[in-house]
Amino acid sequence: MKKLVEPLLLAAAVALPFLLAATGNEFYTGMATRVMIFGLAATALNLIVGYGGMVAFGHAAFFGLGAYGVAILMQHGVTSAWIAWPAAVALAALAALGVGLVSLRTRGVYFIMITLAFAQMLYYLVLSLKNYGGDDGLPLANRSTLAPLDLGSDTGFYLVTLAVLAAALFAMKRLAASRFGSALAGIRQNETRMEALGYPVFGLKLACFVIGGAVAGLAGALMANQHGMASPNLLYWTQSGMLLVMVILGGVGHRYGGLIGAVVLLGLEEVLAGVTDHANLGVGLFLLAVVSFAPRGIAGLLPKGSRE
Amino acid sequence: MSQLILEQALNGLQFGLMLFLLAAGLTLVFGIMDMINLSHGSLYMGGAYFAAAAAQASGSFAVGILAAVAGMALVGTLLELAVLRHFYKRDHLSQVLATFALILIANELVRMVWGPQPMMLNPPEALSGPVEILGFFYPAYRLLIIGVGLAVALFLYLLVAKTRVGMWVRAGAANREMTEAMGVNVRRLFTAIFALGAALCAIAGALLGPLLAVQVGMGENILILAFVVIVIGGIGSIRGALVGSLLVGVGDTLGRALLPTLLRSVASSEVASNLGPALASILIYALMAAVLFWKPQGLFPARG
Chain C
136 MKKLVEPLLL AAAVALPFLL AATGNEFYTG MATRVMIFGL AATALNLIVG YGGMVAFGHA
196 AFFGLGAYGV AILMQHGVTS AWIAWPAAVA LAALAALGVG LVSLRTRGVY FIMITLAFAQ
256 MLYYLVLSLK NYGGDDGLPL ANRSTLAPLD LGSDTGFYLV TLAVLAAALF AMKRLAASRF
316 GSALAGIRQN ETRMEALGYP VFGLKLACFV IGGAVAGLAG ALMANQHGMA SPNLLYWTQS
376 GMLLVMVILG GVGHRYGGLI GAVVLLGLEE VLAGVTDHAN LGVGLFLLAV VSFAPRGIAG
436 LLPKGSRE
Chain A
148 MSQLILEQAL NGLQFGLMLF LLAAGLTLVF GIMDMINLSH GSLYMGGAYF AAAAAQASGS
208 FAVGILAAVA GMALVGTLLE LAVLRHFYKR DHLSQVLATF ALILIANELV RMVWGPQPMM
268 LNPPEALSGP VEILGFFYPA YRLLIIGVGL AVALFLYLLV AKTRVGMWVR AGAANREMTE
328 AMGVNVRRLF TAIFALGAAL CAIAGALLGP LLAVQVGMGE NILILAFVVI VIGGIGSIRG
388 ALVGSLLVGV GDTLGRALLP TLLRSVASSE VASNLGPALA SILIYALMAA VLFWKPQGLF
448 PARG
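Taken in sequence, the protein lines are chains C and A. Residue 191 in the numbering used here sits at position 56 of the first sequence, with consecutive numbering throughout. Residue 446 in the numbering used here sits at position 299 of the second sequence, with consecutive numbering throughout.
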């Protein structure tokens with residue numbers, strides 16, 4: 136029975152846009168795509184926070200850089216996703232490498248603050264790019280093209296996003312079971328011991344940080360396509376806070392933590408926005424209740440067998 | 148040119164002192180209870196709104212400030228007793244989530260009570276004009292801010308360095324468990340510190356209200372600067388918070404005023420006007436990263 140849950144959920148996710156189209160609710164396809172993109176970005180952050188044990192408070196920077204990578208290339212006429220998306224990922228990974236090299240020398244609250252500082256620097260840097268929209272953001276003329284697939288239709292884009300998300304979650308599973316994943320778990324428990332055992336602790340943490348940044352960049356590339364623009368707000372610190380909130384809400388260190396957090400948080404926002412003008416009040420009270428009564432997040436409430 | 152620098156330095160001093168009012172409370176919360184409080188900026192926003200509402204109702208700016216201080220001290224006490232004290236023993240992640248939730252709640256409550264439009268808060272009539280100092284004209288209201296900021300900084304110094312309560316605070320920041328073992332009721336002390344921090348936020352919010360806009364979200368912008376300040380200064384250190392505030396306040400203001408001019412001498416004016424403000428904003432974060440890189444505990448570490 137347990138083995139069937141994942142394939143069934145995946146099948147349901149594939150069927151969703153067709154169901155929505157059949158019932159005349161196409162509007163929600165875009166909404167679902169957005170949720171999955173945030174789920175991907177939060178999953179990338181969960182790799183760093185939950186698996187690597189590093190509380191990074193600047194993840195929105197890599198997310199935003201991915202979006203800007205696509206948008207800037209688009210402005211220069213590069214529309215193919217086969218070129219633009221890897222370039223966006225490379226940009227985010229490079230930024231994560233630079234930030235990680237400096238930040239990983241600190242720990243605890245200082246790591247939180249220094250990642251925040253670098254993210255804010257990148258935010259102001261993007262804000263100053265007047266040729267690329269400045270504080271108005273940079274609109275995309277069209278979606279990227281991903282021949283032979285069709286990204287133009289909302290359903291097509293939804294399915295590509297779903298495929299990327301599913302691949303990322305699968306990679307996460309393999310990673311957790313690999314030697315790299317075990318080494319990260321060891322570092323999370325006792326860094327000094329792993330150092331003494333001869334593991335290259337700094338390099339392993341840096342690799343984890345860069346992978347997380349790269350995946351966030353991919354999520355950003357998708358976000359620019361979904362949103363139709365790259366906006367500087369994607370890099371602002373409240374966005375980093377939002378991603379971190381999704382991870383904690385869903386479950387730190389749980390493979391589905393980021394996705395669950397994104398689904399619940401954005402879903403709750405959407406539902407509350409339908410009934411009241413003051414949705415954030417409800418969201419805030421809900422988050423406060425979760426952190427008070429479910430310290431391990433929503434994934435921690437799931438039955439034991441489903442935990443990783 | 149030198150006059151411009153002097154004027155901007157005064158502006159920087161004024162901004163730095165207001166940052167200090169925020170950072171002082173934040174650094175004690177962070178240093179003693181090891182608590183990341185993202186909602187500190189909301190107390191600042193609350194203070195500005197209380198002041199604007201009270202000033203409109205009474206017609207007096209002074210009444211506005213007093214109402215803001217009293218109101219936010221009460222709000223701070225209630226917040227600490229009802230919510231925050233349950234999170235001191237939790238990990239940083241839980242604290243981030245809980246206090247981020249508080250930001251959402253505070254912003255929405257303010258929007259419900261005062262509406263989404265920014266509120267007007269006018270400086271007192273008598274101080275609306277400029278005064279002449281050192282051969283140039285400077286707004287009297289900004290001088291008032293500098294005066295109040297210096298007075299509060301002096302008061303805090305005397306409180307922390309010269310009184311018994313201040314000794315407890317310093318002891319708590321250096322080693323909380325040991326302080327508790329010596330018989331100090333750190334929990335009660337902490338409620339008091341939190342109320343004081345909220346009142347300081349209220350002063351900053353009320354005084355900066357007429358210069359910056361009184362609007363929802365004003366706390367988020369300044370909160371991060373306050374965090375930068377306390378990390379530069381050393382978490383838990385009031386003296387560090389003062390030095391950090393002045394560095395950030397003066398650095399940010401002077402950078403904003405002078406960098407575009409300086410850049411113009413080496414690059415085209417278009418590049419300079421685009422890049423200047425960004426570089427100025429980046430400057431203080433770079434300063435913080437550099438401090439953390441070379442002195443990971445900040446300039447004035449509170450823990451020995």
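Just so you know, even glycine gets a beta-carbon here, dropped at the ideal spot from N, CA and C. All figures in this text were calculated on a predicted structure; none of them were measured in a lab.
Applying the criterion that 16 or more other CB atoms from any shown protein chain within 10 Å of the CB defines a buried residue, is residue i buried or exposed?
i                 : result
Asn332 of chain A : exposed
Asn266 of chain C : exposed
Arg278 of chain C : buried
Val410 of chain C : exposed
Lys309 of chain A : exposed
Asn325 of chain C : exposed
Ile152 of chain A : exposed
Asn160 of chain C : exposed
Glu255 of chain A : buried
Thr246 of chain A : buried
Asp270 of chain C : exposed
Pro263 of chain A : exposed
Glu330 of chain C : exposed
Glu367 of chain A : buried
Glu227 of chain A : buried
Phe192 of chain C : buried
Ile280 of chain A : exposed
Lys442 of chain A : exposed
Lys236 of chain A : exposed
Strictly under 8 angstroms for the Cβ-Cβ distance: is residue i near chain A by that measure?
i                 : result
Ser366 of chain C : no
Gln210 of chain C : no
Lys138 of chain C : no
His362 of chain C : no
Gly376 of chain C : yes
Asn415 of chain C : yes
Ser313 of chain C : no
Met189 of chain C : no
Ser288 of chain C : no
Tyr203 of chain C : no
On a CA-only basis, which of the options is nearest residue i? Give me that one, please.
i                 : options                                : result
Ala404 of chain A : A:Ser415, A:Ala414, A:Ala419           : A:Ala419
Phe197 of chain A : A:Leu290, A:Ile350, A:Met165, A:Gly445 : A:Ile350
His239 of chain A : C:Ala157, C:Ile383, C:Val425           : C:Ile383
Gly356 of chain A : A:Gly193, A:His187, A:Val176           : A:Gly193
Ala429 of chain C : C:Gly385, C:Glu404, C:Val418, C:Val224 : C:Gly385
Met256 of chain C : C:Ala434, C:Leu437, C:Leu422, C:Tyr371 : C:Tyr371
Leu379 of chain C : C:Ala157, C:Ser215, C:Ile183           : C:Ile183
Trp261 of chain A : A:Ala195, A:Arg237, A:Trp441           : A:Ala195
Val140 of chain C : C:Tyr391, C:Val398, C:Ala219           : C:Tyr391
Ala356 of chain C : C:His413, C:Ala424, C:Ala228           : C:Ala228
Ala298 of chain A : A:Trp441, A:Val230, A:Met165, A:Phe447 : A:Met165
Met259 of chain A : C:Gly185, C:Gly272, C:Ala414, C:Ala351 : C:Ala414
Phe198 of chain C : C:Gly435, C:Ala349, C:Ala252           : C:Ala349
Val426 of chain C : A:Ala345, A:Ser205, A:Gln242           : A:Gln242
Phe374 of chain A : A:Ala204, A:Met435, A:Glu154           : A:Met435
Leu268 of chain A : A:Gly387, A:Ala427, A:Gln203           : A:Gln203
Please check if any C-beta of chain C sits within less than 8 angstroms of the C-beta of residue i.
i                 : result
Tyr196 of chain A : no
Val243 of chain A : yes
His233 of chain A : yes
Glu367 of chain A : yes
Met259 of chain A : yes
His239 of chain A : yes
Glu324 of chain A : no
Leu394 of chain A : no
Glu279 of chain A : no
Asn254 of chain A : yes
Ser149 of chain A : no
Leu446 of chain A : no
If contacts are defined as beta-carbon pairs under 8 angstroms, then residue i and residue j qualify, I think. What distance do you get, rounded to the angstrom?
i                 : j                 : result
Val295 of chain C : Pro367 of chain C : 26 angstroms between Cβ atoms; not a contact.
Thr178 of chain C : Asp289 of chain C : 22 angstroms between Cβ atoms; not a contact.
Ile433 of chain C : Ile395 of chain C : 5 angstroms
Ala222 of chain C : Leu208 of chain C : 6 angstroms
Gly102 of chain C : Leu180 of chain C : Here chain C comprises residues numbered 136 to 443, so residue 102 of chain C is not present and cannot be evaluated.
Note down, in chain order, every chain B residue with its Cβ under 9 angstroms from the Cβ of residue i.
i                 : result
Tyr186 of chain C : Here the protein chains are C and A, and chain B is not one of them.
Whole alpha helix (DSSP H) elements within the segment 376-429 of chain A, 4-residue minimum | 385-411
Taking only runs of the alpha helix (DSSP H) that begin and end inside the segment 282-358 of chain C, which ones reach a length of at least 4 residues, in chain order?
-> 289-312, 314-324, 326-331
Enumerated in chain order, which unbroken segments of the alpha helix (DSSP H) with a length of 4 residues or greater are wholly contained in the segment 293-359 of chain A?
-> 311-321, 323-328, 333-355
Alpha helix (DSSP H) segments (min. 4 residues) lying fully within the segment 230-287 of chain A = 239-261
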